[in-house]
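The listed protein sequences correspond, in order, to chains A and B.
272 is the number of the first residue of the first sequence in the numbering used here; add one for each residue after it.
272 is the number of the first residue of the second sequence in the numbering used here; add one for each residue after it.
Every residue gets a Cβ at the ideal spot worked out from N, C-alpha and C, and that includes glycine.
All values derive from a computational prediction rather than experimental measurement.
There are 2 protein chains.
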Amino acid sequence: MRVALDLLGGDAAPEAPLEAAAGALDAWPDDLSLLLVGPSRLRREERTRFARGRVAWLAAEESIGPAESPALAVRRKADSTVVRGLEAVRDGRADGFVSAGPTGATVVASVLTLGLLPGVDRPPVGAFFPTATGRALVMDVGANVDVRPRQLHQFAHLGSTYLRRTLLIGRPRVGLLNIGVEGEKGGDVIATAHGLLSADPGLHFVGNVEGHQIVTGACDVLVCGGFVGNVLLKFYESMAGFVLEVFRHAGVGEGGELGEALRFLDYTEYGGAPLFGVDGVTIICHGTSPARAIMNGIRTAADCAASGFASVTRTSLARMREGGR
Amino acid sequence: MRVALDLLGGDAAPEAPLEAAAGALDAWPDDLSLLLVGPSRLRREERTRFARGRVAWLAAEESIGPAESPALAVRRKADSTVVRGLEAVRDGRADGFVSAGPTGATVVASVLTLGLLPGVDRPPVGAFFPTATGRALVMDVGANVDVRPRQLHQFAHLGSTYLRRTLLIGRPRVGLLNIGVEGEKGGDVIATAHGLLSADPGLHFVGNVEGHQIVTGACDVLVCGGFVGNVLLKFYESMAGFVLEVFRHAGVGEGGELGEALRFLDYTEYGGAPLFGVDGVTIICHGTSPARAIMNGIRTAADCAASGFASVTRTSLARMREGGR
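The structure is reproduced here in structure tokens:
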């Protein structure tokens, strides 16, 4: 598997992506090669760092910043790392693309370059939430502020397929984020989505999941709109630091020991989630990703590509549409 | 101050409210009397428990359960504790009402019985989130699934007024829950609300607040729609138990000590928040409230009544409308 890596994406670029590249090549010597996407200057500076055989370079002189309008920036910056990297995936020169750059730009560029899979209105971004029993894939976490019921239905299929085919989870339980257990709660959009999910034999729908049931592991895929998903994700990411600070302040426990026990809450352990619903593999890492997280993102890209993620998703979506929506 | 207490509200009723009543009378002997609202049978059973001088009884034979339609139940059950208790507030026989019964029924009954204050479309429910620097009042946490920009503007005034006048916080910082720091993020409703809040000189608006900034104490009042607020509240309430379970499982720390340090995360420490925007004092407690939480709710009701909560809110809303919306 050859993974294209955005060397200019993320707050710690280019150091973090470069370090992640070196780490990934060391860690997975047998099944991974990289296409490093970045400015020619960087290629010259780093030429001694990477052994030639498993690393190729792709020149891209521009980067897209978090303050730019995604749609405008992607259209104007044809020589950006995001656009060049995704073109490499589209043209078969890479099997997947990994970036810690701005999510919006990566989403837009992925849609424009790779295209949407049939049956997807807009691509959702997923994120893993650690739970008492493992982890839950929460989607969307930010790409779709306003969602329609049929989009939530799509998210359920996209997430289920990923867990089943790439992560090999037998029969993923799908939950619908809501403010009560009854089907009619939460407003019209959610209530209609509840009907669609309930009626779909291709999903293992376990019903509404309330806020306090997420960390207990009530479901494997949690379907929600991008606004609430994004707020929850960021809130959860702030928890470990907050709790450790509380203990430090209270003078209880041994900091290092407690921190170690909470390390599974650290998003860098997961390192990126696929962008769902596009015809190819795009892995979106957190903007603040350190090398470790990006390295895990590279692993995720390789796994997605190896499992034929895009093509099995296409099949699953076709089955959903035949289900009579 | 005389507080009316719903003896049939909450999962642990009537024991928890009865115990809360006894505790409150003990704790605040100088400024509190109670109007206990419940069935005649209970009055007979408990007649030896309460000294007559500071306790009066109000007969109400029915209760409203969590599975009932709030609007229907309130209309049909004229002899329910919620309806009778709120009538007592309306008629001046009590200064406030406290219930751990179903939120929806209490909201509906409060609107029908006490009436809305001018300038309020629908009443929001607030909840306190513990933060690194104190606590933030998050509203709405469940009464309004779909909100309009002007409702978010109303929430800001209602919350600010409460903090300023009842809790005596000098200049409450108002934040708008969003998925980015830029004003235009989060969709049309949020972006329009951002404009209303920014333009209002009667508010100390500090801008958008993202998920990870809540527990750092970025604001004193966090304005949001009822869906995301409810999900966040329940998620947060599940955190202390989850974290302690993680430590227990990892065999680190000393459970009692860690639990004690996290006790401030326990909602029973706060015990109910006012229903905002109605012409009177209604305090809504969690359905699972133990006696301690309901007792704190009684305290909150007395404080609200003493501060003239409803009338100062009326003035604040009038000023908001004059502000030129």
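- When the Cα atoms are used, Val514 (chain A) and Arg323 (chain B) turn out to be separated by approximately 46 Å.
- Judged by DSSP secondary structure, Asn479 (chain A) falls within the beta strand (DSSP E) whose first and last residues are His475 to Val480.
- When the five nearest sequence neighbours on each side are left out, the beta carbons in the same chain lying within less than 7 Å of the beta carbon of Asp537 (chain B) are those of Ala511, in order along the chain.
- Minimum Cα-Cα distance from Phe547 (chain A) among the listed residues A:Arg393, A:Pro310 and A:Asp301 corresponds to A:Arg393.
- In chain order, Gly390 place their CB closer than 6 Å to the CB of Arg592 (chain B), counting only its own chain and leaving out the 5 sequence neighbours on each side.
- Within the segment 372–429 of chain A, complete alpha helix (DSSP H) segments of at least 4 residues are found at 374–385, given in chain order.
- Thr384 (chain B) counts as buried, since at least 16 other C-beta atoms from the protein chains shown sit within 10 angstroms of its C-beta.
- Residues Ala275, Asp277, Val308 and Phe368 of the same chain have their beta carbon placed closer than 6 Å to that of Gly356 (chain A), with the five preceding and five following residues left out of the count.
- Here DSSP, grouped into helix, strand and coil, assigns Asp574 (chain A) to helix.
- Judged by DSSP secondary structure, Val502 (chain B) falls within the alpha helix (DSSP H) whose first and last residues are Gly497 to Ala521.
- Following the DSSP letters along the chain, one finds Leu546 (chain A) in no beta strand (DSSP E), marked with neither H nor E.
- Counting every other CB atom within 10 Å of its CB across the protein chains shown gives His520 (chain A) a total below 16, marking it as exposed.
- Between the C-alpha atoms of Glu516 (chain A) and Lys505 (chain A) there is a straight-line separation of about 17 Å.
- Counting C-beta pairs with one atom in each stretch, the segment 412–421 of chain B and the segment 492–500 of chain B have three or more that are closer than 8 Å, which means they touch.
- The C-beta distance from Leu429 (chain B) to Ala464 (chain B) rounds to 14 Å, too long to meet the 8 Å contact threshold.
- Under the 8 Å Cβ criterion, the segment 478–493 of chain A counts as touching the segment 452–466 of chain A, having at least three qualifying pairs.
- Taking the Cα positions, Glu531 (chain B) is about 30 Å away from Gly441 (chain B).
- Within the segment 306–351 of chain A, the runs of beta strand (DSSP E) at least 3 residues long that lie entirely inside it are, in chain order, 326–330.
- Between Ala327 (chain B) and Leu306 (chain B), the gap from beta carbon to beta carbon is short of 7 Å.
- Contacts between Glu516 (chain A) and chain B, judged by CB atoms closer than 8 Å, involve Ala403 in chain order.
- Bridge partners of Ala275 (chain A) according to DSSP: A:Leu306 and A:Phe368.
- Nearest to Glu358 (chain A) by alpha-carbon distance, out of A:Thr377, A:Ser340 and A:Ala342, is A:Thr377.
- Counting along the chain, Val460 (chain B) sits inside the alpha helix (DSSP H) bounded by residues Asp459 to Ser469.
- Closest option to Leu329 (chain A), judged by alpha-carbon separation, among A:Thr319, A:Ala342, A:Val353 and A:Ala298: A:Val353.
- Residues of the segment 348–370 of chain A that bring their beta carbon within less than 8 Å of a beta carbon in chain B are absent altogether.
- Within the same chain, Ala407, Leu408, Leu434, Ile440, Pro443 and Arg444 come within 7 Å of Asp491 (chain A) by CB-CB distance, once the 5 residues on both sides are set aside.
- The Cβ-Cβ distance between Asp282 (chain A) and Gly527 (chain A) does not fall below 7 Å.
- The C-beta separation of Val549 (chain B) from Val396 (chain B) comes to about 11 Å, leaving the pair out of contact by the 8 Å criterion.
- At least one beta carbon of chain A lies nearer than 7 Å to the beta carbon of Val486 (chain B).
- As the crow flies, the alpha-carbon of Ala489 (chain B) is around 15 Å from that of Ala427 (chain B).
- DSSP, reduced to helix, strand and coil, places Ile554 (chain A) within a strand of the structure shown.
- Contact annotation for Gly482 (chain B) against chain A: Asn501, Val502, Leu503, Leu504, Lys505, Phe506, Tyr507, Glu508 and Ser509 [CB-CB distance below 9 Å, chain order].
- Exclusion of the five residues before and after Val486 (chain B) leaves Thr402 and Ala403 as the residues of its chain whose Cβ lies within less than 7 Å of its Cβ.
- At a C-beta separation below 8 Å, Gly413 (chain A) has these neighbours in chain B: Ile450.
- Counting C-beta atoms within 10 angstroms of its own C-beta, Ser370 (chain B) has 16 or more neighbours from the protein chains shown and is therefore classed as buried.
- Contact annotation: Gly543 (chain B) and Gly568 (chain B) have beta-carbon atoms nearer than 7 Å.
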